[in-house]
Amino acid sequence: MAFADVQNWLTSDSPGSRMQARLSRFYRMSGALSRNTLAMVGFFIIVVLILTAIFAPWIATHDPLTQDLTARLLPPSGANWMGTDELGRDIWSRVVFGARITLAIVIIVAVLAAPAGLIIGAVSGYFGGWVDRILMGITDIFLSMPKLILALALVAALGPGIENAIIAIAITSWPGYARIARAETMTFKNSEFIAAVRLQGASALRVILGHVLPLCTSSMIIRVTLDMAGIILTAAGLGFIGLGAQPPLPEWGAMIARGRSFILDQWWVATMPGFAIIIVSLGFCFLGDGLRDVLDPKSGEGH
Amino acid sequence: MSAPLLTVEGLAVTFPTPRGPIDVVRDVSFSLGRERLGIVGESGSGKSMTGRSILKLIRAPGKVTAKRLEFDGIDLLKQSERQMRAIRGARISMVMQDPKFSLNPVMTVKEQIAEALRTHQKLAARDIHARVLSMLDAVRISDPERVARLYPHELSGGMGQRVMIAMMLIPEPDILIADEPTSALDVSVQAQVLDIIDELVRRKGMGLIFISHDLNLVSSYCDRIVVMNSGRIVEECKAGELMNATHPYTRALISAVPRLDETREELPVLDRSAWAGT
Amino acid sequence: MAFEPETMPALSGAIKLPRETGRAGRFAVSLAGFVISVAITFLGLLAITFFIGRVVPIDPVLAVVGDRAPRAVYEAAKLQLGLDKPLYIQFVNYVGSVLQGDFGMSVSTGKPVIDDLKRVFPATLEMATIGIIIGMALGIPMGVYAASHRGTARDQVIRVIGLFGYSVPAFWLGLVGLAVFYARLKWVGGPGRVDIFYDGLVTPVTGLMLVDSLIAGETDIFFNAISHLILPASVLGFFSLAYIARMTRSFMLDQLAQEYVTTARVKGVSERLVIWRHAFRPILVPLITVCGLSYAGLLEGSVMIETIFSWPGIGNYLTVALLNADMSAVLGATLVIGAVFIGINKISDALYRILDPRAR
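Protein chains in written order, with the numbering used here: chain A, -13 to 289; chain B, 24 to 301; chain C, 157 to 516.
Set out below in structure tokens:
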């Protein structure tokens, strides 16, 4: 009956150690999350995305870059599950390898923008006063601007390419995270446990790193997950215009652009990558919604 | 006393929860004539639910069942939603607890009170205006013209509650249900509002159901008292005979109230485990 | 594309005033505060475009004149940009020229950017306006319906539509729409604002094809313009309605839980009036803000749609300029779109404060 013992340990009312409390909390939240069907669908989609990206060479049926001009624009069939594009490349394989690009974009933007926004927001919220006003003034200016247009202008100046696209998207994303981190920080900035830690002599750095940042984590996770859909769409948009990933990279937005001229008779070239984008974005949205219901009961409106 | 205005028999309200259905009101029966009936109980006793279920205001997923729910010869259980709407406001009305929340914030006082009238009667605009003003006067609001143009957030608590009373009594219903009408008010204003309700109810010969958690208040204000606990009625008696109450819960409630000539060192605490519900 | 703000506008903090300040005095201070906040934001926008235009590129002169410019043009531009001067002076000069309407010359069209922008902006405005009308006309009732039938299958459908508005790429939807509704079904007009043989027949007065064609009395062209406008506007309208429906539903759910809605029911008011007069009316003001934000988002989103539909609007202009590395045009278009975006946001914000009786 080892499993029952573990379960009892995890759900016990009086945890004996911090680790037990943490694991217990994690267990309970995963339980709540798993009961939400849509969230589980989203989770599943993202897992599939990650696995596809990792195992792309095995999941793809052809090499994504090899051209075969004799096999141009073939409809979906047993040999080419999603048909071929105008250079004879297998679309299924390109979509599969495109998952790598999409995942990379999403992860790098999150890694760049979220911590930056988190720190700026936490510092701004914690210190208040002029620091707050200046930082939030800058943040608000960025927030008032159209994100896509800014990203476009940045990429124009930096030059086309997927790295520049990632940087541009990251630069337009951090202000949103900063606002949220600041709002979170302000809710407990004046609470007693923060005062207690400071009375014990903790420096501002220690308070922020050790206490403020961890408390902001859950709302950051929710926001980042929900934003992923927007990031994917922006990256695809940049790719579509031709400023993101450059050919022959199989980025989904760029693929749609290539397929544009054949949309009437060889519809699969442009629509297949679009379906991939939609499914992955929906996955992040479902998961993000589910996470929000679990981690942030204040916003819950039930189903 | 003539035939009762309202007869309630075997009323039950159930809500489904993840842990199974919960009965918030169980087997409640009472009758109401042209008198003042007080329903007393602590939070969660089901008293508010009882009031709302008379007006069939409880929506899914809550379920209301009763053996009998009769008003003035009308079987309320059989009334459709449309027929109930004709009864609500016109024949049975309800005053709610906190005017801060129960008045529509984007409608003026006049608009809200006029709506109560217009929903049930066709009158010329001028007549409606006159009736609204006279009703505001009846609830002792000085300068009714000015108040009529105000928005709810510009009113004090006492004034807001008086507007609420005006709104609910303007269609001249037969029964008024007052759900904790003074609980959100300052003590100084409470007496005034109670007085107004008393005067209007008496004047029109209405039946009043007064729901409250304040046993003292109810015993001095009402003719009859019904004590509820955990969804059930545990005691029913005339106000004057409260001292002779038999149910232990009621006795405990009475003894927990401090008196002016108090001689006890400590006030007794209710042991809820004895009759706790679900 | 989502075309939506991720956060609701933060209402600017109240300024502490002495108690004796009358209502007129308070209003003047709020107005001043509002103007200052708008000015600072515009300045920020200018700073960002300046930064992108001058500081980011390795050779800002090249960015402006293009890499095919002859040496003389290059030297002239270099002098004009004043790159030898310190950065802040350059910025001041830049702000000065922008305020005078000088956005530089476009490398691709050879004309002043400001003229180009004046020509293309109305086309986008027309499309976005029809789009927001569709979004509001469909989105608001959908949201109200979903909230009042919460939990039913119809509610779920509306929620899913809302999610799709978040997850579908606009350019893809436009492309698919064009293929299905124009090429296959022939229900609507194709790319461009009017059929090719009508091109140039209507003298631009406002720049809005629908208006201009009526002014010229050309009803044929008017209906033709509608058939061309309807599909791109509907694509934009889809994203707008997804966002508006979601926000409306959320607001309405809040409202339907309020005590005063119960009060209305106690009065015996009909359910239709309960929903529209008692639950919906209080959210009119935040909804105006939401619609304003959506409108701004549509202007931004038009960038993606216009290429597909060969729509000669500012989005198309921007895209072409991007591909030609025509920085003056890029930044000029960015400035205009950004300024309109900011303007709409700020006005929506201000409207909220003016109209809400509780905020008075």
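Built from N, CA and C at the ideal position, the CB exists for glycine as well.
Residue contact check for Asn472 of chain C against chain A: no CB pair falls below 8 angstroms.
In this structure, Met241 of chain A sits near Gly84 of chain A, with a CB-CB distance shorter than 8 angstroms. Between Glu264 of chain B and Arg282 of chain B, the alpha-carbon positions lie close to 17 angstroms from each other.
DSSP lists B:Ile256 as the bridge partner or partners of Met251 of chain B. Flagged as an interface residue toward chain B: Thr419 of chain C, by a C-beta distance shorter than 8 angstroms.
DSSP places Glu289 of chain B outside any beta strand (DSSP E), giving it a letter other than H or E. If one requires a minimum length of 4 residues, the alpha helix (DSSP H) runs lying completely within the stretch 436 to 484 of chain C are 440 to 464, 470 to 479, in chain order. Taking 8 angstroms as the threshold, the shortest C-beta distance from Ser242 of chain B to chain C does not fall below it.
For Leu237 of chain C, the CB contacts under 8 angstroms within the same chain, skipping 5 residues up- and downstream, are Arg210, Pro216, Val217, Val220, Gln246 in chain order. By the Cβ neighbour-count rule, Asp368 of chain C is buried, with 16 or more other Cβ atoms within 10 Å of its own.
A Cβ of chain C is located within less than 8 angstroms of the beta carbon of Glu138 of chain B. Nearest neighbour of Arg433 of chain C by Cα position, chosen from B:Met119, B:Thr88, B:Gln135, turns out to be B:Gln135.
Neighbours of His434 of chain C across chain B, judged by C-beta separation under 7 angstroms: Asn127.
Burial is judged here by how many other beta carbons sit within 10 angstroms of a residue's own beta carbon; Gln252 of chain A has at least 16 and is buried. Separation of Leu238 of chain B and Gln414 of chain C (C-alpha to C-alpha, rounded to the nearest whole angstrom) is 28 angstroms. The shortest CA-to-CA distance from Leu392 of chain C to any of C:Thr280, C:Tyr250, C:Met261, C:Asp223 is the one to C:Thr280. If you check each beta-carbon in the stretch -4 to 20 of chain A against every beta-carbon of chain C, none falls closer than 9 angstroms. Note that the stretch 106 to 118 of chain A touches the stretch 196 to 208 of chain A; at least 3 beta-carbon pairs, one per stretch, sit closer than 8 angstroms.
Within chain C, no residue has its CB atom less than 8 angstroms from the CB of Ala201 of chain B, the nearest being about 12 angstroms off. By a beta-carbon distance limit of 8 angstroms, Leu138 of chain A does not contact Leu409 of chain C. Their separation comes to about 36 angstroms. If you ignore the 5 residues before and after Glu288 of chain B, its C-beta comes within less than 6 angstroms of no other C-beta in its own chain. For Val63 of chain B, DSSP records a beta bridge to B:Ser235, B:Val250. Going by beta carbons, Ala215 of chain A and Ser159 of chain A fall outside the 8 angstroms limit. Chain order gives the chain B residues near Gln414 of chain C as Phe124, where near means a beta carbon separation below 8 angstroms. For Ala326 of chain C, the CB contacts under 8 angstroms within the same chain, skipping 5 residues up- and downstream, are Met157, Phe159, Val391, Leu392, Phe395, Gly457, Met460, Ile461 in chain order. Nearest C-alpha to Tyr163 of chain A among A:Ile263, A:Ile135, A:Glu178, A:Asp213: A:Asp213.
Cβ neighbours of Gly345 of chain C within its own chain (closer than 6 angstroms, five residues either side excluded): Ser383, His384. Counted as a single uninterrupted DSSP element, the alpha helix (DSSP H) harbouring Arg185 of chain B occupies residues 180 to 192. By the Cβ test, the stretch 39 to 50 of chain B is not in contact with the stretch 99 to 106 of chain B, since fewer than three Cβ pairs between them sit closer than 8 angstroms.
Under the three-state reduction of DSSP output, Arg49 of chain B falls in the strand class.
For the pair Asn66 of chain A and Asp54 of chain A, the CB atoms are not nearer than the 8 angstroms cut-off.
Pairing Ile208 of chain C with Leu140 of chain A gives a Cβ-Cβ distance under 8 angstroms. In terms of beta-carbon proximity, Thr490 of chain C lines the interface with chain A, with at least one pair separated by less than 8 angstroms. Taking a cut-off of 8 angstroms on C-beta distances, the stretch 309 to 316 of chain C does not touch the stretch 226 to 240 of chain A, as fewer than three cross pairs fall below it.
In chain order, His143 place their CB closer than 8 angstroms to the CB of Ala109 of chain B, counting only its own chain and leaving out the 5 sequence neighbours on each side. Residue A:Gly260 holds the alpha-carbon nearest to the alpha-carbon of Met68 of chain A among A:Gly260, A:Arg4, A:Met131, A:Phe272.
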